[in-house]
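Dropping the structure here:
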């Protein structure tokens, strides 16, 4: 009966069989219809750059087809066919009876080892082509078949889904793996109802878009650009090629400008478009992608029909004609990706980070289009978008109405310091200078270093120089005060035209000056002395710092080509104009304690503490309920330095510590404060706006930057250091580490910062490898982390849990440690086997240091074929290769371990050894587990990640040739995931819950 059923399957398959010719190389493939899907009945064998033959042998391509990376598979199928999605594979598995039996139904009747052939009921004829690794090795031909899907594991992930068939298993699995692996491809015929039904095909594109095409001439240089209307938007249909200082030709070759247009930095792109056109925002790009059918297919719809490498051309359905212009890294003048990728700037920044802005980009090997953000210094293409018909300033008061309205609000003020008189104007409840400040200070210049420009535009000040530049009774406005102004003149969308003067702006950029503010385009100055945009743009400092990454502060900007006003942020070292605002009647710092009152108030709160490690004594001060060191820590560790590598600076400022070095630097009873504890301090001294002046010492700060030191905290400007050994800002800034990371497993951590030229104090986040000062905080009576054993206390707490075990097989003795209810080896297993285990790089000294690396079957003491599949029932506890009385831990037992030390988010830090890890990845080893970064290997030939990772086998298998592992890296986290059984990892043995008596192979754990 079974044979009859097989024959029926053959007849059905035959009736649905067909063929397909790939006109790219002339190859013909069998096809088969299964359900409503038509599949290739052979593996694809079309040669691309991202494909190989198994074992690099042409004969295997003839037998198995080629192995493709996931990226290489995206556009590998011939016209009319596509790489199937995860969902389309699942339909196939359902159509052949379900995934439990799909393997036997789809596998070919020959070619599978160890009696692994299938029934091939439907003529799909899956062959065991095996796969390739990123590193160039090959595995599993004859045993396994892997087929890519088009579906990623997650957006932007390094993993994608594939179907897995196994020689020893009747089912089919849908799992995900590294996109760099080489798997087979089975193409699926496009359905009658196209997945991108709304996508017009190339042959139909011309007629559909002809009526929407046009052109625009750029009056600045005479160039004419094609245009196209898509939806309600009119776009340039060519990349902008207007020459500016902040633009280049790809490879610095003029011919590439003719072909691709120019590559602009984000800053250079802002005003690059001709009059009546603008750089599109992120939202405007998203409207375009929606108009062409959605981001999933927008790449194929927008890409030109020529110029893209590796069959990456698009349909150009709308005439947008995106070309692969590549990019430039402006830091090193490196060009890349021409022919493969197109990148287009948007006008939208990332609000939380001054260095980044959004871009839209297209790939040669993908059909979609994507939006993400990158550093503004990259050079990308620009596509200009035509301004809308409905002007944004419809309600704006016209110039003819301005004079009478504002005459009564005008006045003047004389600066007693140099005798200059400035016009003033009242707008709403605010009274502003109606001219740019022109008071000379050390940190100000005339544009172009020409006195005539100071007379016309006023001076350009650094942010620090602007802080105290205004005359008595006036101040540098805050960000909030600027925003009130913009609201008072009708909103930021139209404030540019309302505030700009009626003369002096280039290219018809003059404003209406409705309120008499008379903003002039004074331009700016970069920190290295370059002047830019006089006549085009006006930038005005605010007193408000930007609280994100970077040494930035807010500014208000007006532009010759735009009617809006923009609040953004910029480097404090740049030179911008200053408009002073008259003080309100209620002084903003009325509640600030003056220096004369500070001494008596704090004398009773002062004390001292002696560090028993080196005998140094530090002053202390109680502020609120917190007791702080009143001096910077000066305890010498490996990860600390003296500023400029000079001992005298350690005596004056204390040491500078990396974040990792700061974690355990404080003496017993004291700790590195968290971000929240710093914020409590700032609140206790009157709030972050005035905390700088309250906390800074009364001496030692440059340029009149001393503080009031109201509470005796006495913060000194110790400066900082970079990881490359460069020191900066001593005398000007103070940086203090917190114990808080920016986020879990991040390379950044929070610190508190004080400025020589500003009265506030703020929390920022920065690279953990920088060197900052440390101020220790006394532990509270009620420990914040009562359950957390501190590293300094770990020895005593864990001594009673320590022991040892002797392995009678080779006489080695291993330390043990009890964590929770589990007793673990505190060293990696190092018992030698005949095969299946190795020393890292096959060097015996690495076995002595790290223990051995075992493949899974060897770790489990099972036959080698169990690395591919295993039908042996593994009972608990499974001793494996561990000494008697111990066993290879299960997945659940590894998870119990991580839970016992506080969870996966901190397991890395708690379990890792305190030395040997690279990139400052050392742990605190609170419990004595002492995980070492032993790395891993493959087949005794390939080894990697020593000093960077520790991975431990579990006894829990998954899928067919994977097993669960616990992994620790350079960060603070730990995780349980699965890995291929053929890889070689470390083993930590776990003591059986009830070990048998009379154990001849191991000693009972003994206290040391």
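Numbering (the working numbering), first residue to last: 40 to 1047. Ideal Cβ positions, reconstructed from N, Cα and C, are used throughout, including at glycine.
Margin query: Spatial neighbours of residue 833 within its chain, please: C-beta separation below 6 angstroms, excluding the five flanking residues on both sides.
Written below: Because residue 833 sits at a pLDDT of 44, beneath the cut-off of 50, its placement in the model cannot be relied upon, and the following sentence gives the value as read from the coordinates. For residue 833, where only same-chain residues beyond five positions count, the Cβ hits under 6 angstroms are 965.
Check: Can the beta-carbon of residue 617 be found less than 9 angstroms from the beta-carbon of residue 498?
Finding: yes
Notebook entry, point to check: What residue does the alpha helix (DSSP H) around residue 688 start on, and which one ends it?
Noted result: 686-692
Next item on the list: Give me whichever residues DSSP pairs with residue 1024 in a beta bridge.
Entry: 893
Next item on the list: Please name the residue, chosen from 709, 938 and 501, that lies closest to residue 1014 on a Cα-to-Cα basis.
Entry: 938
Margin query: Nearest by alpha-carbon distance to residue 365: which of 382, 356 and 359 is it?
Written below: 382
Margin query: Between residue 218 and residue 109, how many whole angstroms is the CB-CB distance? I'm expecting something under 8 angstroms.
Written below: 4 angstroms
Next item on the list: Please classify residue 342: is it buried, with 16 or more other beta-carbons within 10 angstroms of its beta-carbon, or exposed?
Entry: buried
Item checked: Close Cβ partners of residue 279 (< 8 angstroms) along its chain, the five nearest in sequence each way excluded -> 264, 300, 301, 303, 311, 312, 420, 421, 422 and 423
Margin query: Please classify residue 277 as buried or exposed, where buried requires at least 16 other C-beta atoms within 10 Å of its C-beta.
Written below: buried
Margin query: If contact is defined by three or more beta carbon pairs under 8 angstroms, each pair taking one atom from either stretch, is the stretch 570-586 in contact with the stretch 595-603?
Written below: yes
Item checked: Reference residue 931; option with closest CA among 900, 1005 and 872 -> 1005
Check: With respect to the beta strand (DSSP E) encompassing residue 253, which residues constitute its N-terminal and C-terminal limits?
Finding: 252-256
Margin query: Considering only their Cβ atoms, is the gap separating residue 866 from residue 879 smaller than 9 angstroms?
Written below: no
Item checked: Start-to-end residues for the beta strand (DSSP E) that takes in residue 1100 -> The requested residue 1100 does not occur in the structure, where the chain is confined to residues 40 to 1047.
Check: Buried or exposed: where does residue 171 fall if 16 or more other Cβ atoms within 10 Å of its Cβ makes it buried?
Finding: buried
Notebook entry, point to check: With C-beta atoms as the reference, is residue 970 less than 9 angstroms away from residue 962?
Noted result: yes
Margin query: Rounded to whole angstroms, what is the Cα-Cα separation between residue 725 and residue 503?
Written below: 22 angstroms
Margin query: Please state whether the Cβ-Cβ distance between residue 408 and residue 511 is less than 9 angstroms.
Written below: no
Margin query: I need the boundaries of the alpha helix (DSSP H) containing residue 502, first residue and last residue.
Written below: 502-505
Check: So does the stretch 769-784 actually touch the stretch 707-719, counting three or more Cβ pairs closer than 8 angstroms?
Finding: yes
Check: Quick one: Cα of residue 554 to Cα of residue 260, how far?
Finding: 35 angstroms
Check: In terms of alpha-carbon separation, which member of 318, 372 and 558 lies closest to residue 1049?
Finding: The requested residue 1049 does not occur in the structure, where the chain is confined to residues 40 to 1047.
Next item on the list: Within its chain, find whatever has a CB closer than 6 angstroms to the CB of residue 452; leave out the 5 residues flanking it on each side and keep chain order.
Entry: 461 and 463
Margin query: Here's a check: name, in chain order, each residue in its chain whose Cβ is nearer than 8 angstroms to the Cβ of residue 66, leaving out the five neighbours to either side.
Written below: 60, 84 and 85
Next item on the list: With DSSP as the reference, label residue 73 as helix, strand or coil.
Entry: strand
Note to self: Check whether the stretch 600-620 and the stretch 530-540 touch, using three or more Cβ-Cβ pairs below 8 angstroms as the test.
What the structure shows: yes
Margin query: Whole angstroms are fine: how far does the CA of residue 187 sit from the CA of residue 28?
Written below: Coverage of the chain is limited to positions 40 through 1047, which leaves residue 28 absent and any answer about it impossible.
Check: Can you tell me whether residue 542 is buried or exposed, with buried defined as 16 or more other CB within 10 angstroms of its CB?
Finding: exposed
Checklist line | Nearest candidate by alpha-carbon position, reference residue 530, set 549, 488, 324 and 606 | finding: 606
Margin query: Among the candidates 750, 710, 713 and 711, whose CA atom is the shortest distance from the CA of residue 729?
Written below: 750
Notebook entry, point to check: Which residues does DSSP pair with residue 601 in a beta bridge?
Noted result: Beta-bridge pairing links residue 601 to no other residue.
Next item on the list: From the DSSP output, read off the bridge partner residues of residue 614.
Entry: 564
Note to self: Check this for me: beta carbons of residue 123 and residue 63, under 9 angstroms apart or not?
What the structure shows: no
Notebook entry, point to check: Could you give the C-beta distance for residue 700 and residue 666, rounded to a whole number, given that I count them as a contact under 8 angstroms?
Noted result: Contact flag wrong, Cβ pair sits at about 23 angstroms.
Check: Helix or strand or just coil, what does DSSP make of residue 1016?
Finding: strand
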